[in-house]
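Here the sequence shown stands for residues 737 to 1182, numbered as in the numbering used here.
Here the structure comes first, spelled out in structure tokens, and everything after it is commentary.
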Amino acid sequence: MKTWQRWAGVRVRAALVASGSLALAIGAGSLLFVVFLQHSQVHDVDLSLTQQAQTLAAVVSQSGSEDIELPARLGTSSTQQVVGRGGRVLAASTDLQGHAPLTTEQLPLGRTRLRTTSLGPDSIYRMLALGAQDARGAPITIVVMQSLEPAEASRHEAIVLLAVGGPSLVLLVAVLTWWVAGRSLRPVEWMRRQVDGIDAVSLDTRVPLPAAEDEVWLLGGTLNRMLDRLESAASAQRQFVSDASHELRSPLAVLRTTVEVAVAHPHSTDWDATAGVLLEETQRVERLVADLLLLANADERGLQLRKGDVDLDDLLSAEADRLRNTTDLKVLVSVQAVRVRGDHDRLARVVRNLVDNAARHATSQVELSVASGPEGAVVEINDDGPGVPVEERDRIFERFVRLDGSRSRQQGGTGLGLAIVRQLVQAHDGTVSFVDASRVRLVLPQ
Ligand SMILES: Nc1ncnc2c1ncn2[C@@H]1O[C@H](COP(=O)(O)OP(=O)(O)OP(=O)(O)O)[C@@H](O)[C@H]1O
Ligand SMILES: [Mg+2]
């Protein structure tokens, strides 16, 4: 699609709406104006006719109607007639000399009648008849007329002016709106081009923001924030893949070397020991792959929980027994009967990961406790080891973060344990954090 086609929609629509509404306003305004003009012109003519008629009536009432010399007294430009009883024309202005009476109606004294009439083809007049009386008191009718043509001519001029000016103005507004809309959309086009050019490797690009802090500026800000999020998500993804590959590499290398050595020296190989190494490393790979799968699933569509009643005190007691059987650490347990709704296997995994960490770092003792508090079920796991420095207490919940890298790697640690704990606890709407150097608190809603 060409650029102009893309913008044509918005630009043409803006121009059409602006010019259409202006055209409507101008059309209605012009119509009202012409009607009002005509009305006021006729009104002015009527006023002037009334004055003329009254002046003439005053003249006639003081002199005999036979003596009236209308042209001399009232000027040749006026069209006037004095009609006596029986429709006899007593006097007339020059243009009406010899003309038949304009009215035969005898109006009562002082009564007027107004109408629009024509004196010949194409000539429209306004006519006023006034009931009056001559010097002897005989009833007469004064008729005065005025052509409406000058008024019509000026009205015609106004109409022509409106007919030409109105559409020109509408056209001007249409073109201006089209142009302004185009200019306002230009930053959007810049942003579009920029975003169009962004791919997985250039996620650090940002769209240019216009100088004015308007809606387009806001849109640009939103796009840039979205790019920020995409960039950090992509970099986290890359980091995850690279860390995962790295973690997988070492057990695979051990497996390969062990097999190579065994195959090269089949007779001197202690096959039982070799099988032990292979089994241990395979289990490590298996555990790692399972952990990665769990985290990837959680990222993709959240964790599906098989919820039921879980007795946290039973979980802790089982872990305490396990520690007592597998280590020579002193295990202190303080449990109340506490039951929560949750996925038994996953909560067992949470407790096991935390207890494993404590056991791994403890010097001689591990404390396990569970109680019901106002905020829910509270599990605490504490050890007497070196603990986690304050500034690292958040970070260690991230994936592949190990503080004591080489030591915990030797012991099979991959740095995924706490990341999995956090994911599982969040799926249960709970929280987990280090409240002290080596005291982890797990809170689950009840
Ligand atoms: N109780 C603790 N005392 C001191 N350091 C701890 C404790 N618990 C965790 N850590 C530190 O936090 C890091 C991350 O723990 P995490 O459980 O995520 O990984 P890991 O134990 O190294 O490996 P994994 O649990 O996957 O086997 C550990 O490597 C360790 O440095
Ligand atoms: Mg761990």
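Backbone N, C-alpha and C define an ideal beta-carbon position, used for all residues, glycine too.
These numbers were taken from a predicted model, which means no experiment stands behind them.
| query | result |
| --- | --- |
| Should L838 go down as buried or exposed, given a rule of 16 or more other Cβ atoms within 10 Å for buried? | buried |
| Decide yes or no for the touch test of the stretch 1064-1078 against the stretch 1044-1053: beta carbon pairs closer than 8 Å, at least 3 of them. | yes |
| Taking the alpha-carbon positions, what's the D1057 to R1088 distance? | 12 Å |
| By the 10 Å Cβ neighbour count, where 16 or more other Cβ atoms means buried, how is G1185 classified, buried or exposed? | In this structure the chain extends from 737 to 1182, so residue 1185 is not present and cannot be described. |
| Taking the beta carbon of E885 as the centre, do at least 16 other beta carbons fall within 10 Å, making it buried, or is it exposed? | exposed |
| Which same chain residues, not among the five before or five after F772, have their C-beta less than 7 Å away from its C-beta? | none |
| Going by beta-carbon coordinates alone, are A1098 and L1065 separated by less than 8 Å? | yes |
| Which runs of the alpha helix (DSSP H) spanning at least 4 residues fall entirely within the stretch 744-826, listed in chain order? | 806-810 |
| Among A871, A910 and L832, which one has its Cα closest to the Cα of V746? | A910 |
| Tell me, please, whether the CB atom of L955 is closer than 8 Å to any CB atom in chain C? | The structure shown has no chain C; it contains just one protein chain. |
| Using a 10 Å radius around the Cβ and a threshold of 16 neighbouring Cβ atoms, would you call A827 buried or exposed? | buried |
| To the nearest angstrom, report how far apart I895 and V781 are at their CA atoms. | 20 Å |
| Spatial neighbours of F1133 within its chain, please: CB distance less than 7 Å, with the 5 preceding and 5 following residues excluded, ordered by chain position. | L1154, A1155 and R1158 |
| In the DSSP assignment, find the beta strand (DSSP E) that holds R919 and state where it starts and stops. | Unbroken run through R919 is the alpha helix (DSSP H), E885 to D932; no beta strand (DSSP E). |
| Check each candidate in G1149, V748, N960 and H779 and name the one with the smallest Cα separation from A980. | G1149 |
| Taking the C-alpha atoms as reference points, what is the distance between L1068 and L955? | 58 Å |
| Please list the terminal residues of the continuous beta strand (DSSP E) segment that includes D1172. | T1167 to D1172 |
| Ligand 1 heavy atoms versus the CB of L1195: any closer than 7 Å? | Absent from the structure is residue 1195, since the part of the chain shown begins at 737 and ends at 1182. |
| What does a CB cutoff of less than 8 Å around T1063 pick up in its chain, not counting 5 residues either side in sequence? | A1095 |
| Would you say N1089 touches ligand 2, meaning its beta carbon is less than 7 Å from a heavy atom? | yes |
| Taking 7 Å as the line, does the beta carbon of L1139 fall inside it for any heavy atom of ligand 1? | yes |
| What first and last residue would you give for the beta strand (DSSP E) that runs through V1069? | K1066 to V1071 |
| G1123: beta carbon under 7 Å from a heavy atom of ligand 2? | no |
| Between R891 and Q774, what straight-line distance do the alpha-carbon atoms span, to the nearest angstrom? | 7 Å |
| Under 8 Å, do L959 and V931 count as touching if we go by C-beta distance? | yes |
| Can you give the beta carbon distance from P923 to V952, rounded, assuming they're within the 8 Å contact cut? | 5 Å |
| Whose CA, out of S938, H982, E949 and F976, lies closest to the CA of S920? | E949 |
| Taking the alpha-carbon of A1032 as reference, which of D1119, Q973, T786 and I1117 has the nearest alpha-carbon? | Q973 |
| Rounded to the nearest angstrom, how far is the Cβ of E983 from that of L1024, given a contact under 8 Å? | 6 Å |
| Quick check: the Cα distance between S1004 and V990, rounded to an integer number of angstroms? | 19 Å |
| Does DSSP classify L1104 as helix, strand or coil? | strand |
| Whose CA, out of S971, T848, R928 and R821, lies closest to the CA of Q790? | T848 |
| Using the Cα positions of V1106 and M927, report the straight-line distance between them to the nearest angstrom. | 55 Å |
| Mind checking R1042: buried by the 16 CB within 10 Å criterion, or exposed? | exposed |
| Which residues does DSSP list as the beta-bridge partners of P875? | Q869 |
| Quick check on Q882: does DSSP put it in helix, strand or coil? | strand |
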